[in-house]
Amino acid sequence: MFDLLCQYCDLDPSKTIMVGDNLYTDIAFGNKFGLHTVCVLTGVTNQTLVDKVNCSPEDELFRPKYVLQSVTDILNILKE
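Quick note on numbering: UniProt numbering labels position 27 of the sequence shown as 27, and the sequence is numbered without any gaps.
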């Protein structure tokens, strides 16, 4: 389904950001399809869980590229 969305909207996954608050759904989806992933710590996920996933080799799919306290912090990432 995501492949169809990319074709229909002419999306380049390497230039697309997935923002979410759940490592096991949002971040996993983004990583699976080669998106830049941003986990916002305002919902399901907290820093303790992010640290746990970052230390676990089998949890690579759930590791976000960026972790933010607030979605408003995304402006700093977009400048990179």
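For each residue, glycine too, the CB sits at the ideal point set by N, CA and C.
Since this is a predicted model, take the numbers as computed values, not measurements.
Asked	Found
How is the alpha helix (DSSP H) around glycine 43 delimited, first residue to last?	Looking at the DSSP string, glycine 43 is not in any alpha helix (DSSP H), and its letter there is neither H nor E.
Indicate whether the contact test is met: 3 or more Cβ pairs, each with one atom in the segment 1 to 14 and one in the segment 44 to 63, closer than 8 Å.	no
Distance, Cα to Cα, glycine 30 vs methionine 18?	6 Å
Alpha carbon to alpha carbon, what distance is there between asparagine 76 and glycine 43?	20 Å
For valine 71, which residues from the same chain have a beta carbon less than 8 Å from its beta carbon, with the 5 sequence-adjacent residues on both sides left out?	Val19, Val40 and Thr42
Alpha carbon to alpha carbon, what distance is there between lysine 79 and serine 14?	16 Å
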